[in-house]
Amino acid sequence: MPEGHTIHRLAADHRERFLGERVRVLSPQGTFAGSAALLDGREFTDAEAHGKHLFLHFEGAGHVHVHLGLFGKVAFSKAPAPPPTDTVRLRLLGERHAMDLRGPTTCALITDDEKRAVHERLGPDPLRPGDDPEAAHRRVSRSRTTIAALLMDQKVIAGVGNVYRAEVLFRHGIDPYTTGREIGVEQWRALWDDLVVLMREGVRTNRIDTVRPEHTPEAMGRPPRVDDHGGEVYVYRRAAQPCHLCGTEVRTASLAARNLFWCPTCQPPAGGIRNRAASRAPRPRRSPETSAPPPPAKAPVRARRRPAN
1190 MPEGHTIHRL AADHRERFLG ERVRVLSPQG TFAGSAALLD GREFTDAEAH
1240 GKHLFLHFEG AGHVHVHLGL FGKVAFSKAP APPPTDTVRL RLLGERHAMD
1290 LRGPTTCALI TDDEKRAVHE RLGPDPLRPG DDPEAAHRRV SRSRTTIAAL
1340 LMDQKVIAGV GNVYRAEVLF RHGIDPYTTG REIGVEQWRA LWDDLVVLMR
1390 EGVRTNRIDT VRPEHTPEAM GRPPRVDDHG GEVYVYRRAA QPCHLCGTEV
1440 RTASLAARNL FWCPTCQPPA GGIRNRAASR APRPRRSPET SAPPPPAKAP
1490 VRARRRPAN
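Under our numbering, residues 1190 to 1498 are what the sequence shown spells out, in order.
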């Protein structure tokens, strides 16, 4: 599922291509045909994102609410656009550009009140100017849920997905199983500020890169990452590979039906970062035999006295 930076990038792409134009609005697939007819020929006035939700605004006609989900795709092309396929839920035709939307979880024309309700059920978004990180921390600080799960809860913080979750926790040396109530306000603010920087860069480059300059392949003399997600990362989808910083094998586990990745040395249970010099080499692995607890000692057997004759 696309993370929040992708949706904010899509909002910017829509503004760049259609802002101020009267656009044709079509639904070749047919499921959005009634709403498309109401919007057809109206001026495209704005596009905005909140977390993983995209809103397209039209003059005097409400808002198109889009959530891509797992399978939704947006494709832009130059006008005149090629004939659409019957999988296109929504097509916008402007003076210079076209947009096709396929396979979204949500594509609906909504009112101002319905749009407000969507915003109200979402947490603050690091990419929305003015959103309050303290509002998110108030929910985090009262929770016994793990910080890894809370970062993925869109009611707590909107827009963070699996990649940014794993990477920002690594960058701050936080064990993903730390509970929300253990995250202090300063630690939370550091996480938030880092997400703002990382996700803004994601909007700019349209990909996720999370390694610091001193940890790039060029700086460390290591091969670049080869992955269909692209971008340089510390732990995401690097299970069983050595940590770039300490050499410990990156671990993975399932948490709330999503894969979690972390380095047990750089993200110790206490939540602090250990001395790097002391953790350069991988920790030795114990064999199954040595890792099992020793059997309990047997009590000595006392000889039974025979009764006197």
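Glycine residues also receive a C-beta, built at the ideal position from the N, C-alpha and C atoms.
Note to self: Ignoring anything shorter than 4 residues, give me the alpha helix (DSSP H) runs that lie fully in the segment 1244-1282, in order along the chain.
What the structure shows: Under the rule that a run must span 4 or more residues, no alpha helix (DSSP H) segment is found entirely inside the segment 1244-1282.
Note to self: If you follow the alpha helix (DSSP H) that residue 1434 is in, where does it begin and where does it stop?
What the structure shows: For the purposes of this step, residue 1434 is taken as residue 245 along the sequence shown, with counting starting at 1. Taken as a continuous stretch (DSSP letters only), residue 1434 belongs to no alpha helix (DSSP H), as it is neither H nor E.
Check: Can you list the alpha helix (DSSP H) stretches of 4 or more residues lying completely in the segment 1336-1360, in chain order?
Finding: List check, alpha helix (DSSP H) in window: 1336-1340 and 1351-1360.
Next item on the list: Note down, in chain order, each residue of its chain lying with its Cβ closer than 8 angstroms to the Cβ of residue 1268, except the 5 sequence neighbours on either side.
Entry: Position 79 of the sequence shown holds residue 1268. Excluding sequence neighbours, residue 1268 sits near 1282, 1283, 1284, 1285, 1286 and 1287.
Next item on the list: Look at the Cβ atom of residue 1299, then the Cβ atom of residue 1251, and state whether they are nearer than 8 angstroms.
Entry: Counting from one through the sequence shown, the residue named residue 1299 turns up at place 110. Counting from one through the sequence shown, the residue named residue 1251 turns up at place 62. Yes, the Cβ-Cβ distance between residue 1299 and residue 1251 is below 8 angstroms.
Check: Near residue 1351, what residues of its chain come up, given a Cβ to Cβ distance below 6 angstroms and the 5 sequence neighbours on each side ignored?
Finding: For the purposes of this step, residue 1351 is taken as residue 162 along the sequence shown, with counting starting at 1. If we look at residue 1351 and ignore the five residues flanking it on each side, its Cβ neighbours are 1447.
Item checked: contact_flag[the segment 1393-1400, the segment 1415-1422] where n(CB pairs < 8 angstroms) is 3 or more -> yes
Check: What's the C-alpha gap between residue 1384 and residue 1392?
Finding: Within the sequence shown, the letter at position 195 stands for residue 1384. Within the sequence shown, the letter at position 203 stands for residue 1392. Roughly 12 angstroms between the two C-alpha positions.
Next item on the list: Could you tell me which of 1424, 1361, 1377 and 1293 sits nearest to residue 1259, measuring between CA atoms?
Entry: What you label residue 1259 is simply residue 70 of the sequence shown in a count that begins at 1. For residue 1259, the nearest C-alpha among the options comes from 1293.
Checklist line | Buried or exposed by the 16-neighbour rule on C-beta atoms within 10 Å, applied to residue 1388 | finding: Here the question's residue 1388 lines up with position 199 in the sequence shown. Buried is the call here.
Checklist line | Nearest-angstrom Cα separation, counted from residue 1295 out to residue 1333 | finding: For the purposes of this step, residue 1333 is taken as the residue at position 144 of the sequence shown. For the purposes of this step, residue 1295 is taken as the residue at position 106 of the sequence shown. Going from the Cα of residue 1333 to the Cα of residue 1295 covers about 32 angstroms.
Next item on the list: To the nearest angstrom, report how far apart residue 1322 and residue 1304 are at their CA atoms.
Entry: Position 133 of the sequence shown, counted from the first residue, corresponds to residue 1322. Position 115 of the sequence shown, counted from the first residue, corresponds to residue 1304. Their Cα atoms are separated by approximately 22 angstroms.
Margin query: If distances are taken between C-alpha atoms only, which option among 1320, 1359, 1367 and 1407 comes closest to residue 1163?
Written below: Outside the shown range of the chain (1190 to 1498) lies residue 1163, about which nothing can therefore be said.
Check: What are the residues that DSSP puts in a beta bridge with residue 1448?
Finding: Start at 1 with the first residue of the sequence shown, and residue 1448 comes out as number 259. The partner list for residue 1448 (beta bridge, DSSP) reads 1443.
Check: Taking the continuous beta strand (DSSP E) assigned at residue 1380, which residues delimit it?
Finding: One-based indexing of the sequence shown puts residue 1380 at position 191. Taken as a continuous stretch (DSSP letters only), residue 1380 belongs to no beta strand (DSSP E), being part of the alpha helix (DSSP H) at 1374-1394.
Check: Apart from the five residues just before and just after residue 1275, which ones in its own chain have a Cβ nearer than 7 angstroms to its Cβ?
Finding: Residue 1275 sits at position 86 when you count from the first residue of the sequence shown. Here the set comprises 1217 and 1218.
Item checked: Distance, residue 1198 Cα to residue 1221 Cα -> Indexing the sequence shown from 1 puts residue 1221 at position 32. Indexing the sequence shown from 1 puts residue 1198 at position 9. Those two C-alpha atoms are separated by around 24 angstroms.
Next item on the list: Assign residue 1214 to one of three DSSP states: helix, strand, or coil.
Entry: As a first step, residue 1214 must be located in the sequence shown, where it is residue number 25. Strand.
Checklist line | Outcome for residue 1264 when other beta-carbon atoms lying within 10 angstroms are tallied against a minimum of 16 | finding: Within the sequence shown, numbered from 1, the residue matching residue 1264 stands at position 75. When all chains shown are included, residue 1264 counts as exposed.
Margin query: By the three-class DSSP mapping on this structure, what secondary structure does residue 1190 have?
Written below: If you number the sequence shown from 1, residue 1190 lands on position 1. Residue 1190 falls in the coil class under three-state DSSP.
Notebook entry, point to check: Of all the options 1363, 1370 and 1390, which has the alpha carbon lying nearest to the alpha carbon of residue 1379?
Noted result: Along the sequence shown, one-based indexing puts residue 1379 at 190. Of 1363, 1370 and 1390, the residue nearest in Cα terms is 1363.
Notebook entry, point to check: Based on the DSSP output, what are the partners of residue 1295 in its beta bridges?
Noted result: In the sequence shown, residue 1295 corresponds to position 106, counting from 1. DSSP output for residue 1295 lists 1256 as bridge partner(s).
Next item on the list: My understanding is that residue 1234 touches residue 1247, with C-beta atoms under 8 angstroms, so please give their C-beta distance in whole angstroms.
Entry: For the purposes of this step, residue 1234 is identified with residue 45 of the sequence shown, where counting begins at 1. For the purposes of this step, residue 1247 is identified with residue 58 of the sequence shown, where counting begins at 1. The pair is a contact, with the Cβ atoms about 6 angstroms apart (cut-off 8 angstroms).
Notebook entry, point to check: With DSSP run on the structure shown, which of helix, strand or coil describes residue 1233?
Noted result: Taking the sequence shown and counting its residues from 1, the one referred to as residue 1233 is at position 44. DSSP places residue 1233 in strand when its eight states are reduced to three.
Check: What residue range is occupied by the uninterrupted alpha helix (DSSP H) comprising residue 1311?
Finding: What you label residue 1311 is simply residue 122 of the sequence shown in a count that begins at 1. It is not in any alpha helix (DSSP H) - residue 1311 carries neither H nor E in the DSSP assignment.
Check: Tell me which same chain residues have a C-beta within less than 7 angstroms of the C-beta of residue 1289, skipping the five on either side of it?
Finding: Walking along the sequence shown from the start, residue 1289 turns up at place 100. Closer than 7 angstroms at Cβ, skipping near neighbours: 1264, 1273, 1277 and 1280.
Check: Per DSSP, what kind of secondary structure is residue 1326 in: helix, strand or coil?
Finding: As a working mapping, residue 1326 is identified with position 137 in the sequence shown. Looking at residue 1326 - three-state DSSP - the assignment turns out to be helix.
Check: Does DSSP put residue 1470 in a helix, a strand or coil?
Finding: The count along the sequence shown starts at 1 and reaches residue 1470 at position 281. The predicted model places residue 1470 with a pLDDT of 34, which falls under 50 and marks its position as unreliable; any figure quoted below should be read in that light. Three-state result, residue 1470: coil.
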